[in-house]
Structures are given as structure tokens and as C-alpha cells.
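Undergrad:
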Amino acid sequence: MDSGSDIPPLTPAARRIVDAAEELFYEHGITAVGVDLITEHSGVTKRTLYNRFGSKENVVAAYLAERDRRWRSAVRAAVDASGGAEEAVTAPFEALRSWTSTYTRGCAFLNALAELPDPRHPGHRVAAGQKRWLRGLFEQLATAAGCPEPAALATRLFVLHEGAVATEPLSPGTVTAAADLARELVRAAVRG
Numbered sequence: 000m001d002s003g004s005d006i007p008p009l010t011p012a013a014r015r016i017v018d019a020a021e022e023l024f025y026e027h028g029i030t031a032v033g034v035d036l037i038t039e040h041s042g043v044t045k046r047t048l049y050n051r052f053g054s055k056e057n058v059v060a061a062y063l064a065e066r067d068r069r070w071r072s073a074v075r076a077a078v079d080a081s082g083g084a085e086e087a088v089t090a091p092f093e094a095l096r097s098w099t100s101t102y103t104r105g106c107a108f109l110n111a112l113a114e115l116p117d118p119r120h121p122g123h124r125v126a127a128g129q130k131r132w133l134r135g136l137f138e139q140l141a142t143a144a145g146c147p148e149p150a151a152l153a154t155r156l157f158v159l160h161e162g163a164v165a166t167e168p169l170s171p172g173t174v175t176a177a178a179d180l181a182r183e184l185v186r187a188a189v190r191g
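With numbering that gives the first Met the number 0, letter number 134 in the sequence shown gets 133, and the count goes up by one each step, no holes.
1. How would you label P91, buried or exposed, when you count the other beta carbons within 10 angstroms and need 16 or more for buried?
2. Looking only at its own chain, which residues have a Cβ that is under 7 angstroms from the Cβ of K55, when we skip the five neighbours before and after it?
3. With a threshold of 6 angstroms on Cβ separation, who are the neighbours of L140 within its own chain once the five nearest residues in sequence on each side are excluded?
4. Do you know offhand how far A20's Cα is from L156's?
5. Name the two residues that bound the continuous alpha helix (DSSP H) containing D179.
6. Go through its chain and collect everything with a Cβ distance to A84's Cβ below 8 angstroms, but skip five positions before and after it.
7. So, at 6 angstroms on beta carbons, what are the nonlocal neighbours of F137 in its own chain, with the 5 sequence-adjacent residues on each side left out?
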């Protein structure tokens, strides 16, 4: 599972499971939340959970894939709303600004990577795929903007973005400062 689009359409019961899991995992952590709590909060039986997902690991992957789908949609909307190729390169920072106003406990994907270090875990794969996608998007946008070294710029922007998302809960305003710095980096790359 590399993106939210890889999960099949959810039945109403499966949707309740994923919604409950998202709330619980994000608030309390993936390893701290068991299947019993998810079924209690979703109003479904354990049998329904296992029939639909097969395991808690697959519930984790579905939660992260659904969140990834929403994040990618927000980023694409920010890119589409940007004023041109140069502004599009920093659009993920604009998406992050509104995203962090809703999700105040840090990055669910970074949290998942910390809690699920095994690269074979389906949730780890989704979280790592989300990070690879974002890094690749920065490179794609930098290339479209005519930056002479798009890979190097993409790495810098990715590190800046991830630092902002990790520190925003501790120091509100970090995302704004990172967005300003990102624009400076892009301007220098395009004009330099």
C-alpha cells in the first residue's frame, strides 16, 4: 500500500473502523491502542474488523492510507491554486499551514515510522511511501519551475518541510517560518 488510492472502497462498518482507528491512533499512538478499543469506539464487532481487515496491522495501514489520500489531495489543491510554477514548488508548505491547524499532534506518518520501525509492517510502508511521494513531488515541481538542480533543492525543501511539521506542535509558527525560508530557497534556485 503506497497511497490512499490503494485501499478498496470501504463499507459503512469498515469506514467506522477506520474513522475510530484514526482518532485513537493519532491521539494515543498506534501501539497503545488495541483492537478492543477500536471496535468499542466504532460500534462494530471484532469479527467484523477481522473479516474486513484481517489484522490490526491492516487497520493501521488503512488509517494511514486514508490520511495519505487526504494529505495528497490537500497538497494537489494547493499546487493547483498556486500562482505559477515557482509558487507551486512551495505549495506543500501552504497545504501544511492549514493541515497543522487541524492536526495539532504532529505528523501521523512520522509518528507511525517511529512506532513501526519494521519496514515490512504495512503501516510503515504507507508512511514511508507518503514521505517518498512528497520528496518526489518537490523534485517534480522544482524541475517544472526550471530550477537548475531540482534534486538538491527537493532534498532541502523536504528536510525543511519535515522539520516544520515535527516542530510546529512545540513552537507554533514554525510552518510559517519554514514556508518563508522555502520561498527564499526557490527564488535563489530559480534566479541563481
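All residues carry an ideal CB built from backbone N, CA and C; glycine is no exception.
TA: The structure says:
1. It is buried - the Cβ of P91 has at least 16 other Cβ atoms within 10 Å.
2. If we look at K55 and ignore the five residues flanking it on each side, its Cβ neighbours are V34.
3. Closer than 6 angstroms at the Cβ level, and outside the excluded window around L140, lie A87, V88.
4. Here the alpha carbon of A20 sits roughly 31 angstroms from the alpha carbon of L156.
5. In the DSSP assignment, D179 falls within the unbroken alpha helix (DSSP H) covering 173 to 190.
6. Result list for A84: L140, A143, A144, G145, in chain order.
7. Within the same chain, F137 has close Cβ partners A153, L156, F157.
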